Structure formats: C-alpha cells, structure tokens
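Notes follow the structure.
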Amino acid sequence: MLTIKNLHASIEGTPILRGINLEVKAGEVHAIMGPNGSGKSTLASVLAGREEYEVTEGEVSFKGKDLLDLAPEDRAREGVFLAFQYPVEIPGVSSTNFLRTAVNQVREYRGLEALDAVKFLTMMKEKMKLVEIDQKLLSRSLNEGFSGGEKKRNEIFQMAMLEPTLSILDETDSGLDIDALRIVSNGVNQLKSKDNATIVVTHYQRLLDYIVPDYVHVLYKGKIVKSGTKELALELEEKGYDWIKEAVDSEATV
Amino acid sequence: MSKDNQILEELTSKEYEHGWSVNYEADEAPIGLNEEIINWISAKKEEPQWLLEWRLKAFKTWQNMTEPEWANVTYPKIDLQSLRYYSAPKQDKKPKSLDEVDPELLQIYERLGINLNEQKKLQGIAVDAVLDSVSVGTTFKATLSKLGIIFCSFSEAVKEHPELVKKYLGSVVPMTDNYYAALNSAVFSDGSFCYIPKGVRCPMELSTYFRINAANTGQFERTLIVAEDEAYVSYLEGCTAPQRDENQLHAAVVEIYAAKNAEVKYSTVQNWFPGDKNGKGGIYNFVTKRGICAGDHSKISWTQVETGSAVTWKYPSCILKGDHSIGEFYSVAVTNNYQQADTGTKMIHIGKNTKSRIVSKGISAGKSQNSYRGQVQVMKRADNARNFSQCDSLLMGDRCGAHTFPYIDINNSSAKVEHEATTSKIGEDQLFYCNQRGISTEDAVALIVNGYAKEVLNQLPMEFAVEAQKLLALTLEGSVG
Ligand SMILES: Nc1ncnc2c1ncn2[C@@H]1O[C@H](COP(=O)(O)OP(=O)(O)OP(=O)(O)O)[C@@H](O)[C@H]1O
Ligand SMILES: [Mg+2]
Chain A
1 MLTIKNLHAS IEGTPILRGI NLEVKAGEVH AIMGPNGSGK STLASVLAGR
51 EEYEVTEGEV SFKGKDLLDL APEDRAREGV FLAFQYPVEI PGVSSTNFLR
101 TAVNQVREYR GLEALDAVKF LTMMKEKMKL VEIDQKLLSR SLNEGFSGGE
151 KKRNEIFQMA MLEPTLSILD ETDSGLDIDA LRIVSNGVNQ LKSKDNATIV
201 VTHYQRLLDY IVPDYVHVLY KGKIVKSGTK ELALELEEKG YDWIKEAVDS
251 EATV
Chain B
255 MSKDNQILEE LTSKEYEHGW SVNYEADEAP IGLNEEIINW ISAKKEEPQW
305 LLEWRLKAFK TWQNMTEPEW ANVTYPKIDL QSLRYYSAPK QDKKPKSLDE
355 VDPELLQIYE RLGINLNEQK KLQGIAVDAV LDSVSVGTTF KATLSKLGII
405 FCSFSEAVKE HPELVKKYLG SVVPMTDNYY AALNSAVFSD GSFCYIPKGV
455 RCPMELSTYF RINAANTGQF ERTLIVAEDE AYVSYLEGCT APQRDENQLH
505 AAVVEIYAAK NAEVKYSTVQ NWFPGDKNGK GGIYNFVTKR GICAGDHSKI
555 SWTQVETGSA VTWKYPSCIL KGDHSIGEFY SVAVTNNYQQ ADTGTKMIHI
605 GKNTKSRIVS KGISAGKSQN SYRGQVQVMK RADNARNFSQ CDSLLMGDRC
655 GAHTFPYIDI NNSSAKVEHE ATTSKIGEDQ LFYCNQRGIS TEDAVALIVN
705 GYAKEVLNQL PMEFAVEAQK LLALTLEGSV G
C-alpha cells in the first residue's frame, strides 16, 4: 500500500529526514518510535504533504500512485489520514460543520454523492459511539478550548468519519488518561481491517499493548536505524535508546 | 514564498460577479454641481418649495465645508464638478404599479437575483429597487399598507406623506453634519422611506436594493425609517455596481428614528464594485448612517457585511437618548487587493441605563487597509451606561494592514465600558489541517473566515446570512493556495 524509498526531506535548508525506507502493506500496523527530535512528526507531515518540508530525494508510492505528486487535500481524499500531535483550533467552526465539509469533499472525490444532513448525522451518531465522544464537544468550535485529551479523542473521531486507508497517528496517546487510552485504542482497533493500515508514532510501550503492532521501527537522526517486532518496543522500554544511539553513532564515526 | 502569500497572490483571480452594465435610455442632469443643477433635480422630481429651499440651504452649507481627511484612507481628490448628479432610466410615463415598469429594468434586477414580481416572490421580503438615482419599483406595497405601514420610494413619500418627511428629514443627520451628508442633502435623488405606525410589528423584511448602472454618475440616496411607539421593523440593504475603470461616488444618508419601545434592525450587505486587482476603478462609498433611540426602551441594531467598494468611509451610529435604550453595531468588513475601509460606529449615551454593544470583525487580504474607528461617548446625565466593544482583525498575508482606533469619552463615573481587541492571522497550520481532512484551500478559507465572522453573520436574517457567507468566500476566493 505504502512504499517509501530513500526519502530525504529538509526544512529551511536543514535536512531532517535522511533516507527513510519503509514498506507498509494492507492490514498491517507499524509502530514508529525514537527519541525526541528524531524526525517522526516530520515523516508524518511529509507524507501528509505539508509544504514547508522540501523533499530533496526519494519517492513515496501509495496505492500505486506517486504520493509526493498529490496536493495535501488529494492525499487525504485518497485515504491518507494524519491524527496530529498538536491538533489545530478553528474558532467559530463547529466540529460538525467542519466534518461535514470534509466528508462530502472526500466523497465527491471518490465519486460518491454528498450526504444530506440526516444521513450525515446518523453516521456521526454511529461513529461517536466508537470513541465515546460527547455530542456537546462536537457542537463547540473545533478544538477551541478542548483539553489535551479531548483533542486527541476528536482526532480519532475524525478518522472514524473519514474512513481512511492509511492512518498515521502521531502521539495520539500522549495526553490521554488511562481510561481514554483504552477507549481510543479500542476505537482504532475496531476501525482496523484487512484493507487498511495504521502507522502509530509513540514513545510508550503501553499504547502498543492495546494497538498491537506487526512491526516496530526506531527512527534516529532521520533514519530508521532498527526494525523489529513488538518485542523491540519492550526492549526499548527497558533499556532506553542509548544502546541504539551508540551503535549508530559509532558506526557513523568509523 | 509561503503558502499564505501564494493564496493571497491568487486571491485576486476572482472577477467581480456583478460587473456588467446595461444600456438603456436615460434621463440625465447635465454634468456639474451648482444651484442650477439643484433646481433642475428638484423640478424634475416635482418637489414642493420647502424641499427645494432645504436643498439649497444644504448646498450653501456644503460650499463652506471641506472634505474630511482624518480617515485612514488615501485616494485622489474627487472632482465633484465632473460628475452627473441625476440619472434615471427613461420611462414614457411614471409607472403606477410594478406591472407598468419597463420589463428591461426589471430584468436588471432579475439578473442580480432579485425578483420584483410579487407573485413569484416566495421569500416574503418587500423590496424597493433603486437604479442609479431613482426607485424603480416597490413590492408588497398593498399588503403593507393594510397595516398602515408606508414603504415606498423617497420621492413618492415627499408627494404622498410630506408632513412625515418634513418632520423627520434631517432630524437625525442634520445637513450640517459632515461634508458628504451636506452634499447628499443638496443633491439626493431618491431612496426609500419607511414608516411603521404605533404598535405594529412589520410582518416581513423590508429591503432596498441599490444598483449603480450609469457611468460618471454619483449615487446619492436617502433612506428614512421611522418606527413609532412599540413598532418593529427589520430592514435590509443590498448594493452592487458595474465594473468600470473610473471611480464612482456613492454618498448616501440613512436616518432611523425609534420612538418608545420601538425596535429597528438595519442590515446591509454592501458589495459595490471594489475595483480591479490593480486597484483601478471601484466605488467610493462615503456614507452617513445614524439612528436615534428617541424613546425609552427603544433599540436600534446595525449589522453590516462590507465586502465591496474601493474606499469605504462609514460609521453607522446610535444616539441613545431614551432611558434604557439599546444600540448595537455588528460589522464584518473584508478588504482585498487595494481596497481601503475605514469603518466603525459611534455610540452616544445620553439617557440613563443605556446600553451599547459593538462587535467588529475586520478581514484584510492583499494590499488592503482595514481600519476600525469607533467612539463611545457617555454624557453627564447617562447614569449606569454600559458599553461592550469587541474589535477583532484577521490578516491574510503580510502585505495588508489592520488598524483599530477606539475613542472613549466618559463624563459619568457610573459608566462601565469594556473594550477588547485581537489580531490574528489565518495560519498555515489551520489551512494544512483542513487540507489534511480533504478540504480544498478555497473552502478552508471560507470555513475559517465564516467561523471568524460568525457572531456577526448570526445577526442577519436567514436568507441574507447565507448570501453573506457566500459573498465572504467569493471576495476572498483565490486569496490562499
Ligand atoms: N522550522 C524548523 N526549522 C528547523 N528545524 C526544525 C523545524 N521544524 C522542525 N525542526 C526540527 O526537526 C527535527 C525533527 O522534528 P520532529 O517534530 O519531526 O521530531 P519528533 O521525532 O516528532 O519529536 P517528538 O518526539 O518530540 O515529537 C527537530 O530537531 C526539530 O527541531
Ligand atoms: Mg513529534
């Protein structure tokens, strides 16, 4: 579904991603871990099409299409969803109104007819249950004054509404309380199918107890320096990143 | 170049939708401004002597005034002698009813989406359509007159209800008020008149639609609204003009009188031609709008969505004379390209326990300048006056300007006046967030801008609110992306 080959990206001339290779197949869950500043959010942003990042080398194909060639909105319409590490506030625009615009634009792109108000609200009701989100939250301005946890929950609610094929969850677990973590993870799991894939960016093994990854990758200095199965996450939890950093850095100085 | 700037770059790509003009035979005054022209206009309109004298007095006053220069706008001096002060579509005889109005003129309004044909009108809005200098026709007159409501063109009111016109004309905006008000008083051609008798709630929205069609013609209309005790009316005003290279002058006067317990809501969606993307052409919109809450517990509420005009100079104001009276001002002003807007309000608290509320939302894009100018004045005997002002500015790109000039003048220590102001930018992260959910940049801008202006748009009557939302999106189309 997603193939990333030798991806290099920089911001304002500073290289951040330095040769990422990754293959994600339908039905898989990939976890990306790594120290702060290693480039995890950058990778997510580049895949979603944020313009500040300049791709200097490499290619990304998504469902056979050249992803880097598509405008951000078209990537979304093709099925790429990014749950933001820091969701943005849009004053005066309710979640409901926002999502209705989004859902219908995505549907139009996919050749489906627009949902009328009734159908849309029915769909919303159904998806709200999935992440146990309160109706009141959705009639408020999008993310404005939401607590950290509410924002994250709302991201997953949007994911449920947009039915993406590739979801990238950037530290969705941070800010969630223990119950919310379970609820949101359950939601993500229920949305999983053999036709879609998930990339979860996280610092904590705890999330991976709920959303069990098929692969775990460690990103360091803009490269995937180690890949493994979910046991790798346990090992990282125990030992931290120093052993990996040392191995990489000593190799680099040779 | 950042995304914001590109968006702004393209903002100008949208052509002004109402930029067409129609050729029709016109009845025109000679070019120029002098006593003779004023005599000519007054004679043309078969006006009574008192009104001619009133005009001539205004003209004398005006001759001794100078053009105001305090507003934060710059434009070349207008040569008032090169303008025409009266232009009316030629009709063989005065139409007695809408059926007799030249179908071609009705078509102009059809094209604007305004149907003057009563049978076809479903929305239940009574419309007075003003083309260039004169009123073309007023709908629903009969329905309204059963309730004693008078809604007609200004000229007709002068003929049919001279005592009312005489009583209220210039009572809220005196001819000496300012340069443009004086000019308007001297040369005004037509406009709308509306009178709601005691105890009557007007059952439908009343609306005036202004269209400038002729070239080199100033439009100087006057609107006068009188609401007697316990009366209520909601009044809408819309405006468009063709796209022309030269600038055109529009200097209107609106006066509102609210008696005891009366309430008047006045909403404007102003979409005069703003000039092209290089700043060529466009309307100079120099308007004086003022209402007086003369009676106790009366209320006047101004709502405006200003998207057009090259230069706007406009301060719809309230004189809160009656005790417990309320004044409100809700405004969204959008400027793009080279547009300049200096707009705001004045709330003059005279009576006791008077309240005013100001919500101003400026949106600037392109190389435009957008200023809020507001005055809150509390007079000596206005015990317990309250004012709340919220002035927000939204910037798109970094070549436009937003300015806020609040003037506060308090002469009674029991007054409570609050002023809040914010300035924000449409952020790239907001746009990216919308894009990431599959929303195009154009729609994202529309969504964000409408969200920002929501508090004001909510004040508009339903049909108007939808129009206004579309207009906001249209004005900013291409401004991002
Ligand atoms: N505009 C910028 N200019 C320069 N450096 C930047 C800019 N934006 C991001 N960076 C740098 O890019 C690096 C990667 O950032 P990124 O947000 O991708 O890290 P991350 O792996 O997601 O970290 P965290 O775990 O803290 O979320 C960081 O060192 C960051 O400071
Ligand atoms: Mg990050």
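From first to last, the protein sequence lines stand for chains A and B.
1 is the number of the first residue of the first sequence in our numbering; add one for each residue after it.
255 is the number of the first residue of the second sequence in our numbering; add one for each residue after it.
For every residue, glycine included, the Cβ atom is placed at its ideal position computed from N, Cα and C.
Nothing here was measured: the structure is a model prediction, and the numbers come from that model.
Checklist line | Whether K514/B touches S461/B by CB criterion (8 Å) | finding: Within the second sequence, the letter at position 260 stands for residue 514/B. Within the second sequence, the letter at position 207 stands for residue 461/B. No, they are not a contact pair.
Check: With distances taken between CB atoms, is the gap from V586/B to I537/B smaller than 8 Å?
Finding: The sequence position of residue 586/B within the second sequence is 332, counting from 1. The sequence position of residue 537/B within the second sequence is 283, counting from 1. Contact flag unset, no.
Item checked: Closest by C-alpha distance to Q502/B, when choosing among E307/B, K299/B, L726/B and L337/B -> Along the second sequence, one-based indexing puts residue 502/B at 248. When only C-alpha atoms are compared, the closest one is L337/B.
Margin query: As a quick exercise: from P428/B, D652/B and S488/B, pick the residue whose alpha carbon is nearest that of T542/B.
Written below: Counting from one through the second sequence, the residue named residue 542/B turns up at place 288. The shortest C-alpha separation from T542/B is found at P428/B.
Note to self: So within the stretch 632-708 of chain B, which uninterrupted alpha helix (DSSP H) runs reach at least 4 residues, ignoring any that extend past its ends?
What the structure shows: 682-690 and 695-706
Next item on the list: Please report the Cβ distance between I693/B and I90/A, rounded to the nearest whole angstrom; I am assuming they are in contact, meaning their Cβ atoms lie under 8 Å.
Entry: As a working note, residue 693/B is residue 439 in the second sequence. As a working note, residue 90/A is residue 90 in the first sequence. Not a contact, Cβ separation roughly 11 Å.
Notebook entry, point to check: Is there at least one non-hydrogen atom of ligand 2 closer than 7 Å to the beta-carbon of S41/A?
Noted result: Position 41 of the first sequence holds residue 41/A. Within the cutoff, so yes.
Margin query: DSSP three-state label for N432/B, please.
Written below: If you number the second sequence from 1, residue 432/B lands on position 178. Coil.
Next item on the list: Taking 8 Å as the cut-off, decide whether the C-beta atoms of F313/B and E289/B are in contact.
Entry: Here residue 313/B refers to the residue found at position 59 of the second sequence. Here residue 289/B refers to the residue found at position 35 of the second sequence. Contact flag set, yes.
Check: Excluding sequence positions up to five away, which residues of its chain have a Cβ less than 6 Å from the Cβ of V559/B?
Finding: Translated into the one-based positions of the second sequence, residue 559/B becomes position 305. V523, V586 and A722, listed in sequence order.
Checklist line | Which listed residue (P570/B, R635/B and C688/B) has its alpha carbon closest to that of A435/B | finding: Numbered from its first residue, the second sequence carries residue 435/B at position 181. For A435/B, the nearest C-alpha among the options comes from P570/B.
Check: What number of angstroms, rounded off, separates the C-alpha of Q205/A from the C-alpha of I199/A?
Finding: Stepping through the first sequence from its first residue, residue 205/A is reached at position 205. Stepping through the first sequence from its first residue, residue 199/A is reached at position 199. So the alpha carbons of these two residues sit roughly 14 Å apart.
Notebook entry, point to check: Quick one: what's got a C-beta closer than 8 Å to K331/B's C-beta in the same chain, skipping five residues either side?
Noted result: Looking up residue 331/B in the second sequence gives position 77. Answer for K331/B: E321, listed in chain order.
Check: Do you know offhand how far T608/B's Cα is from K40/A's?
Finding: To locate residue 608/B, count along the second sequence from 1; it is residue 354. To locate residue 40/A, count along the first sequence from 1; it is residue 40. Spanning the two alpha carbons is a distance of roughly 58 Å.
Checklist line | Exposed unless 16 or more other CB atoms sit within 10 angstroms - verdict on E255/A | finding: In this structure chain A extends from 1 to 254, so residue 255/A is not present and cannot be described.
Item checked: Selection of the stretch 683-707 of chain B by Cβ proximity to chain A, strictly under 8 Å -> D683, Q684, F686, Y687, C688, N689, Q690, R691, G692, I693, S694, T695, D697, L701, I702, N704, G705, Y706 and A707
Margin query: Between N532/B, V508/B and Q317/B, which has its C-alpha nearest Y433/B's C-alpha?
Written below: To locate residue 433/B, count along the second sequence from 1; it is residue 179. Answer by Cα proximity: Q317/B.
Note to self: I'd like the list of long-range same chain contacts for D663/B, defined as Cβ closer than 6 Å, with 5 residues on each side in sequence excluded.
What the structure shows: For the purposes of this step, residue 663/B is taken as residue 409 along the second sequence, with counting starting at 1. So the qualifying residues of the chain are Q631.
Margin query: Less than 7 Å separating the Cβ of D173/A from some heavy atom of ligand 2?
Written below: The residue given as residue 173/A occupies position 173 in the first sequence. No, ligand 2 has no heavy atom inside 7 Å of this Cβ.
Notebook entry, point to check: Helix or strand or just coil, what does DSSP make of M124/A?
Noted result: The sequence position of residue 124/A within the first sequence is 124, counting from 1. Note: M124/A maps to helix in three-state DSSP.
Note to self: Which residue wins for smallest C-alpha separation from E155/A, given the options L725/B, N624/B and Y687/B?
What the structure shows: Numbered from its first residue, the first sequence carries residue 155/A at position 155. The shortest C-alpha separation from E155/A is found at Y687/B.
Notebook entry, point to check: Can you name, in chain order, every residue of its own chain whose Cβ lies under 6 Å from the Cβ of L142/A, other than the five neighbours on each side?
Noted result: As a working mapping, residue 142/A is identified with position 142 in the first sequence. Around L142/A: I90, V93, S95 and F98.
Next item on the list: Closer than 9 Å by beta-carbon distance: list the chain B residues that pair up with F98/A, in chain order.
Entry: As a first step, residue 98/A is located in the first sequence; it is residue number 98 there, counting from the start. Residues of chain B passing the Cβ test: C688, R691, I693, L701 and G705.
Checklist line | V412/B (DSSP reduced to helix, strand or coil) | finding: Numbered from its first residue, the second sequence carries residue 412/B at position 158. Helix at V412/B.
Next item on the list: Mind checking which residues open and close the beta strand (DSSP E) that includes A83/A?
Entry: As a working mapping, residue 83/A is identified with position 83 in the first sequence. It spans V80 to A83 - the beta strand (DSSP E) in which A83/A sits, taken as one unbroken run.
Notebook entry, point to check: If you draw a straight line from the alpha carbon of E23/A to that of S147/A, how long is it in whole angstroms?
Noted result: In the first sequence, counting from the first residue as 1, residue 23/A sits at position 23. In the first sequence, counting from the first residue as 1, residue 147/A sits at position 147. When rounded, the distance between both Cα atoms is 35 Å.
Checklist line | Residue from E238/A, I32/A and T172/A with nearest C-alpha to R153/A | finding: As a first step, residue 153/A must be located in the first sequence, where it is residue number 153. Ranking E238/A, I32/A and T172/A by Cα distance to R153/A puts T172/A first.
Check: Helix, strand or coil: how does DSSP classify M33/A here?
Finding: By 1-based counting over the first sequence, the position of residue 33/A is 33. Strand.
Next item on the list: Just tell me which of V441/B, N438/B, V454/B and E410/B has its CA closest to the CA of L398/B.
Entry: Looking up residue 398/B in the second sequence gives position 144. Closest by alpha carbon: V454/B.
Item checked: Residues from the stretch 180-202 of chain A in contact with chain B, defined by Cβ distance under 9 Å -> none
Notebook entry, point to check: Can you find a CB in chain A that lies within less than 8 Å of the CB of I261/B?
Noted result: Sequence index remark: in the second sequence, residue 261/B carries index 7 (1-based). In this prediction, I261/B has a pLDDT of 37, which is less than 50 and means its spatial position is unreliable; what the coordinates show is noted afterwards. I261/B does not count as touching chain A.
Next item on the list: Give a yes or no on whether the C-beta atoms belonging to Q690/B and P87/A are separated by under 8 Å.
Entry: Locating residue 690/B in the second sequence gives position 436, counting from the first residue. Locating residue 87/A in the first sequence gives position 87, counting from the first residue. For Q690/B and P87/A, no; Cβs fall outside 8 Å.
Next item on the list: Please state whether DSSP places M601/B in a helix, a strand or coil.
Entry: Position 347 of the second sequence, counted from the first residue, corresponds to residue 601/B. Strand.
Check: Per DSSP, L138/A is paired with what?
Finding: Walking along the first sequence from the start, residue 138/A turns up at place 138. The partner list for L138/A (beta bridge, DSSP) is empty, contrary to what the question assumes.
Item checked: Residue range of the alpha helix (DSSP H) that includes W294/B -> As a first step, residue 294/B must be located in the second sequence, where it is residue number 40. Element bounds for W294/B: E289 to K298.
Check: Going straight from the alpha carbon of D134/A to that of Q629/B, what length do you get?
Finding: Sequence index remark: in the first sequence, residue 134/A carries index 134 (1-based). Sequence index remark: in the second sequence, residue 629/B carries index 375 (1-based). Taking the straight line joining both Cα atoms gives about 43 Å.
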